[in-house]
């Protein structure tokens, strides 16, 4: 009965019946391998039905993966996620009365702290943009918007002109999951954005129907790839290695936390689904030299 339930679960993934299952070949193979190993462990305990598996069984197995088999935390986290999906499936099918994976915690995943841009480097980027050219004004507006709001690069290039709320000094941002958040703008970001709308964007636009806030030299919406090339160009001129738009997002989060903003507010501004993602920045603040 143990393996039969696993086979049914994997088949449901392959057929796209499970929410957020993906159904790719790699996903299916990972689930089959991870749950096959769990089956062998449970069977070795003399248990023949998932009904008799307890939270202690799952917690002990995770502990064994960590200590006896010395799996990396990221691998254990993936395996436990597979177990949780499997037991949710069993609960939905009425094959178990409770989920034994509930309350089993993921091992801490160690991540290297990313390098953070300092204020001097950010100012260097701003100074490199030429305010006397439409392209320079556009680039300066994008850089200021990134640093002032922590907006993602994908969200930045998705902005439309009507997302700029001048009266409220804010940008309406539609996030990666469709959630809407209003990001306050600094006075400097406001000034540069208004300058771009006055002297930059009109020089690029070829069709009055274009809605995009940031456009390329063809007057069309700037792509994420195009924006990355722009960032790389400024990084090269500034002598900053491995600069990405996400590093400006990191710098924004650090600045907000360092200035005393509470973690929940920073989470809301960044659009993080889970507070644990935002908590990572607390490590960065602590690691910075005083």
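Residue numbers (UniProt numbering): 1 to 290. By construction, the Cβ of each residue, glycine as well, lies at the ideal position given by its N, Cα and C atoms. Here the structure is a predicted model, which is why all the values come from computation and not from measurement.
{"Query": "With a threshold of 16 other CB atoms inside 10 Å of the CB of residue 119, please say whether the residue is buried or exposed.", "Result": "exposed"}
{"Query": "If you scan the stretch 103-190 from start to end, which runs of the beta strand (DSSP E) of 3 or more residues do you find wholly inside it?", "Result": "170-174, 180-184"}
{"Query": "Would you kindly work out how many angstroms separate the C-alpha atoms of residue 142 and residue 195, rounded to a whole number?", "Result": "12 Å"}
{"Query": "Once DSSP output is grouped into helix, strand and coil, what is the label at residue 208?", "Result": "coil"}
{"Query": "Measuring only the C-alpha atoms, how far is residue 209 from residue 220?", "Result": "11 Å"}
{"Query": "Look at the alpha carbon of residue 95 and the alpha carbon of residue 50, and state the distance between them as a whole number of angstroms.", "Result": "8 Å"}
{"Query": "To the nearest angstrom, how far is the alpha carbon of residue 22 from that of residue 13?", "Result": "Residue confidence for residue 22 is low, a pLDDT of 44 falling below 50, so the modelled location carries little weight; the figure read from the coordinates is stated next. Each residue's alpha carbon lies about 7 Å from the other."}
{"Query": "Looking only at its own chain, which residues have a Cβ that is under 6 Å from the Cβ of residue 249, when we skip the five neighbours before and after it?", "Result": "150"}
{"Query": "How is residue 72 classed by DSSP in three states: helix, strand or coil?", "Result": "coil"}
{"Query": "At which residues does the alpha helix (DSSP H) containing residue 46 begin and terminate?", "Result": "Careful: residue 46 lies outside any alpha helix (DSSP H) and carries neither H nor E."}
{"Query": "When DSSP labels each residue in this structure, what does residue 21 get in the three-state scheme?", "Result": "Below a pLDDT of 50, predicted positions are generally treated as unreliable, and residue 21, at 42, falls in that range; the measurement from the model is reported next regardless. Coil, per DSSP."}
{"Query": "Classify residue 154: buried if its beta carbon has 16 or more other beta carbons within 10 angstroms, exposed otherwise.", "Result": "exposed"}
{"Query": "Taking the beta carbon of residue 152 as the centre, do at least 16 other beta carbons fall within 10 Å, making it buried, or is it exposed?", "Result": "buried"}
{"Query": "Candidates 253, 178, 235: which alpha carbon is nearest residue 148's?", "Result": "253"}
{"Query": "Just checking: is the beta-carbon of residue 150 within a distance shorter than 8 Å of some beta-carbon in chain B?", "Result": "Although the question refers to chain B, the structure presented lacks it and comprises just one protein chain."}
{"Query": "Classify residue 261 as buried or exposed, calling it buried when 16 or more other Cβ atoms lie within 10 Å of its own Cβ.", "Result": "exposed"}
{"Query": "Could you pull out every residue in the same chain whose Cβ sits closer than 7 Å to the Cβ of residue 125, ignoring the five residues on either side in sequence?", "Result": "143, 234, 238"}
{"Query": "Got a sec, what are the start and stop residues for the alpha helix (DSSP H) residue 9 sits in?", "Result": "2-14"}
{"Query": "Taking the continuous alpha helix (DSSP H) assigned at residue 265, which residues delimit it?", "Result": "263-270"}
{"Query": "Around the Cβ of residue 127, are there at least 16 other Cβ atoms within 10 angstroms (buried) or fewer (exposed)?", "Result": "exposed"}
{"Query": "Buried or exposed: where does residue 34 fall if 16 or more other Cβ atoms within 10 Å of its Cβ makes it buried?", "Result": "buried"}
{"Query": "Quickly, what does DSSP pair residue 215 with across the bridge? List them, please.", "Result": "221"}
{"Query": "Could you name the residues of the same chain whose beta carbon sits closer than 7 Å to that of residue 5, not counting the 5 residues immediately before and after it, in chain order?", "Result": "50, 90, 95"}
{"Query": "Nearest by alpha-carbon distance to residue 145: which of 52, 131, 187, 104 is it?", "Result": "187"}
{"Query": "Contact defined as beta carbons within less than 8 Å: I believe residue 204 pairs with residue 157. What is the distance between those atoms, to the nearest angstrom?", "Result": "Between residue 157 and residue 204 the Cβ distance is about 14 Å, and since that is not below 8 Å, they are no contact."}
{"Query": "What is the residue span of the alpha helix (DSSP H) that residue 95 lies within?", "Result": "From DSSP, residue 95 is part of no alpha helix (DSSP H); its letter is neither H nor E."}
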